[in-house]
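A.B. asks: There's a structure below that I have some questions on.
In full-length UniProt numbering, the protein residues as written are 1 to 217.
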């Protein structure tokens, strides 16, 4: 019980996978508790009574909710390669870009797929993703975190893995290699990291999920 770690979630959740990646980067052993979101467990409702959603990390009986909050907690508690920069300014920048990914890019991309590829919605997704493309160009590095994965990379997990699966499932192109060469290169580098690989569900499961969600199955 001295260092009991449980992660409540579902395998297909990109937010859960981000937390798994952080745990893998720190080499933290944990128990994965699979939740049924159509019949949420008493533990999930107890641990996250505000949002009642996954992921929830439970460390020695103490619950932490919200994926990026959990990732920062993991970074502070466990030693190893830092996920957040040590410099105050760089740390603030990482938090800013993680927020851009979650608050600007993610909703725009979801809307592009939900609209079945409507031209304006896809254009808005392109505009949002262009911010990330430009940031990678400025950095000129393998990851948003430089040579190592950081908070921004983890926040952008959906760009690296879920966009491609949704494109395959729905026949809609949102992130072409021609338009986003840096993001495409980053995506390949990111999903081929062992810590990330070990956190991701089988691609065919995610493709199947999108087909069912959008009535393409």
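Don't be surprised by glycine CBs; every beta carbon is placed ideally from N, CA and C.
1. For residue 79, count the other beta carbons within 10 Å of its own beta carbon; 16 or more makes it buried, fewer makes it exposed. Which is it?
2. Considering only residues of the same chain and omitting the five flanking positions on each side of residue 199, which have a CB-CB separation below 7 Å?
3. When DSSP labels each residue in this structure, what does residue 44 get in the three-state scheme?
4. Thinking C-alpha only, which one of 69, 85, 76 and 140 is nearest residue 102?
5. When the Cβ atoms of the segment 185–199 are set against those of the segment 151–161, are three or more pairs found closer than 8 Å?
6. Between residue 30 and residue 201, what straight-line distance do the alpha-carbon atoms span, to the nearest angstrom?
7. Fully enclosed by the UniProt domain "GST C-terminal" (87–214), which alpha helix (DSSP H) runs are 4 residues long or longer?
8. Would you identify the three-state DSSP class for residue 80, choosing helix, strand or coil?
9. Is the CB-CB distance between residue 163 and residue 109 below 9 Å?
10. Using a 10 Å radius around the Cβ and a threshold of 16 neighbouring Cβ atoms, would you call residue 8 buried or exposed?
11. Determine whether the beta carbon atoms of residue 43 and residue 54 lie at a separation below 9 Å.
12. Can you tell me whether DSSP reads residue 19 as helix, strand or coil?
13. Since I believe residue 97 is in contact with residue 152 (beta carbons under 8 Å), could you give me their beta-carbon distance rounded to a whole number of angstroms?
14. Checking the sheet assignment: what are the DSSP bridge partners for residue 61?
15. Are at least three pairs of beta-carbons, each pair with one atom in the segment 116–126 and one in the segment 46–65, less than 8 Å apart?
16. Residue 161 and residue 130 - do their beta-carbons sit closer together than 9 Å?
17. Thinking residue 209 and residue 12 are a contact (beta carbons under 8 Å), I'd like their distance in whole angstroms, please.
C.D. replies: By the coordinates alone:
1. Taking a 10 Å sphere around the C-beta of residue 79, we find fewer than 16 other C-beta atoms and assign the residue as exposed.
2. Cβ within range, chain order: 17, 20, 21 and 24.
3. Here residue 44 sits in helix by DSSP.
4. A check of alpha carbon separations from residue 102 across 69, 85, 76 and 140 identifies 69 as the nearest.
5. Counting Cβ pairs under 8 Å, three or more are found: they touch.
6. The straight-line gap from Cα to Cα measures roughly 17 Å.
7. Listed in chain order, the complete alpha helix (DSSP H) runs (minimum 4 residues) inside the UniProt domain "GST C-terminal" (87–214) are 88–100, 106–114, 119–139, 151–155, 163–170, 181–191, 194–197 and 203–213.
8. In this structure, residue 80 counts as coil in the three-state DSSP scheme.
9. A Cβ-Cβ contact shorter than 9 Å links residue 163 with residue 109.
10. Residue 8 is buried by the Cβ-count criterion.
11. Inclusion of residue 43 and residue 54 in the CB contact set at 9 Å is not warranted, their separation being larger than that value.
12. For residue 19, the three-state secondary structure derived from DSSP is helix.
13. With 8 Å as the limit, residue 152 and residue 97 qualify as a contact, their Cβ atoms being about 4 Å apart.
14. Paired residues: none, contrary to the question.
15. Because the criterion of three Cβ pairs below 8 Å is not met, the segment 116–126 and the segment 46–65 do not touch.
16. The answer is no: Cβ separation not under 9 Å.
17. The Cβ separation is near 5 Å, so the contact holds.
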